[in-house]
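Okay, so the sequence shown: first residue is 194 according to this note's numbering, each after it adds one. Contents: one structure, followed by commentary.
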Amino acid sequence: MSLSNLLIIFSSSFMALFPVINPLGNGFVVNGFFTELDPAQRKAAIQKLIFNFIMIGVGTLVIGHLFLLMFGLAIPVIQLGGGILICKTAMELLGDSSSSDTEEPKRNVDSFKWKNVEQKIFYPITFPISIGPGSISVIFTLMASASVEDKLLQTGVNYLVIALVIVCMAAILYIFLSQGQKIIQKLGPVGNQIINKLVAFFTFCIGIQISVTGVSQIFHLNIL
Numbered sequence: 194m195s196l197s198n199l200l201i202i203f204s205s206s207f208m209a210l211f212p213v214i215n216p217l218g219n220g221f222v223v224n225g226f227f228t229e230l231d232p233a234q235r236k237a238a239i240q241k242l243i244f245n246f247i248m249i250g251v252g253t254l255v256i257g258h259l260f261l262l263m264f265g266l267a268i269p270v271i272q273l274g275g276g277i278l279i280c281k282t283a284m285e286l287l288g289d290s291s292s293s294d295t296e297e298p299k300r301n302v303d304s305f306k307w308k309n310v311e312q313k314i315f316y317p318i319t320f321p322i323s324i325g326p327g328s329i330s331v332i333f334t335l336m337a338s339a340s341v342e343d344k345l346l347q348t349g350v351n352y353l354v355i356a357l358v359i360v361c362m363a364a365i366l367y368i369f370l371s372q373g374q375k376i377i378q379k380l381g382p383v384g385n386q387i388i389n390k391l392v393a394f395f396t397f398c399i400g401i402q403i404s405v406t407g408v409s410q411i412f413h414l415n416i417l
């Protein structure tokens, strides 16, 4: 167990997870849910989102395989189901213009509005938008490559490095969302809406790709 090996695991895990989690691109979509919150509510929402993000990511490392065994699930099936779920969420985002609605820009957000956002923090804001089945499948793949036969300690350290990468992804998302309001103000409502729709479209495409990958593995096809 050397420092160079740990750095290789960290860098490879970072490069594998970053394009799938896409904390910058997803940050624009997530910010659309929080635009009407006041600063205190926005801060609380972001903190809950980041907590859920880390729990899902690290929880996958700790008990992910146990859940697969309990329910008799295979990773390709999770990819197929998760990809469909991502497509569904992306379709809702493509059709939802409420995040950019400016009919009542000066209206104070009441408790009902906060409750409405709070109920969405876990689903769909955290899962599957911020961290979804594609990310989970990549984490499973990283776990397989980081496992060392008959060396439990080394395997555990490798898993800790992957957990550190997940925390780094959460930190990037946190920083982006914390400064997101300033970025959105500079872009303006039209620019924000354009970016949200573009990211939602690419999210839909990612969902299709994850589903196709699952189908290709289930039926042993060479589709992509």
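Note that CB positions come from ideal geometry on N, CA and C, so glycine has one too.
Taking the beta carbon of Ser323 as the centre, do at least 16 other beta carbons fall within 10 Å, making it buried, or is it exposed?
Its Cβ being crowded by 16 or more others within 10 Å, Ser323 is buried.
Pick out whichever of Leu273, Lys308 and Ser304 has its Cα sitting closest to the Cα of Gln410.
Among Leu273, Lys308 and Ser304, the Cα nearest to that of Gln410 is on Leu273.
Using the Cα positions of Ile247 and Gly275, report the straight-line distance between them to the nearest angstrom.
Cα-Cα distance, rounded: 19 Å.
Taking Ile399 as the reference, give the member of Ser338, Ala339 and Pro321 with the closest Cα.
The shortest Cα separation from Ile399 among Ser338, Ala339 and Pro321 belongs to Pro321.
Can you say whether Val358 is buried or exposed, counting buried as having 16 or more other CB atoms within 10 angstroms of its CB?
With 16 or more Cβ atoms within 10 Å of its Cβ, Val358 is classed as buried.
For Lys308, report the span of its alpha helix (DSSP H) as first-last.
It spans Ser304 to Lys313 - the alpha helix (DSSP H) in which Lys308 sits, taken as one unbroken run.
Helix, strand or coil: which one does DSSP assign to Ser340?
Three-state result, Ser340: coil.
Output needed for Ile388: all residues of its chain with C-beta closer than 6 Å, excluding positions within five of it in sequence on either side, in chain order.
These residues qualify, in order along the chain: Phe221.
First and last residue of the alpha helix (DSSP H) that includes Phe260?
Note, Phe260: alpha helix (DSSP H), Pro232 to Phe264.
Output yes or no for whether 8 Å exceeds the beta carbon distance between Leu242 and Ile355.
Going by C-beta atoms, Leu242 is not nearer than 8 Å to Ile355.
Roughly how many whole angstroms lie between the Cα atoms of Ser340 and Ser204?
Going by the C-alpha atoms only, they are around 16 Å apart.
Reducing DSSP to helix, strand and coil, say where Ile416 ends up.
Ile416: coil per DSSP, three-state reduction.
What's the call for Arg300, buried or exposed, on a 16-neighbour Cβ count within 10 Å?
Caution is warranted here: a pLDDT of 48 is assigned to Arg300, below 50, making its placement in the model unreliable, and the coordinate value is therefore given only provisionally. Exposed, because fewer than 16 other Cβ atoms sit within 10 Å of the Cβ of Arg300.
Put Ser328 into one of helix, strand or coil per three-state DSSP.
Note: Ser328 maps to helix in three-state DSSP.
In angstroms, rounded to a whole number, what distance separates the CA positions of Glu311 and Leu286?
Cα to Cα, the separation comes out at about 17 Å.
Hey, quick one: how far does the alpha helix (DSSP H) through Ile277 stretch, first residue to last?
Element bounds for Ile277: Ile268 to Gly288.
Where do the N-terminal and C-terminal ends of the alpha helix (DSSP H) with Ile359 fall, by residue?
Per DSSP, Ile359 belongs to the alpha helix (DSSP H) from Leu345 to Ser371.
What does a CB cutoff of less than 7 Å around Ile368 pick up in its chain, not counting 5 residues either side in sequence?
Cβ within range, chain order: n/a, list empty.
Pick helix, strand or coil for Thr228, following the three-state DSSP scheme.
If DSSP states are grouped into helix, strand and coil, Thr228 belongs with coil.
Using the beta-carbon count (16 or more within 10 Å), is Phe260 buried or exposed?
Looking at its Cβ environment, which holds fewer than 16 other Cβ atoms inside 10 Å, Phe260 is exposed.
Assuming Pro269 and Gly407 are in contact, meaning their beta carbons sit under 8 Å apart, how far apart are those beta carbons, in whole angstroms?
At roughly 4 Å, the Cβ-Cβ gap stays under 8 Å, so Pro269 and Gly407 are in contact.
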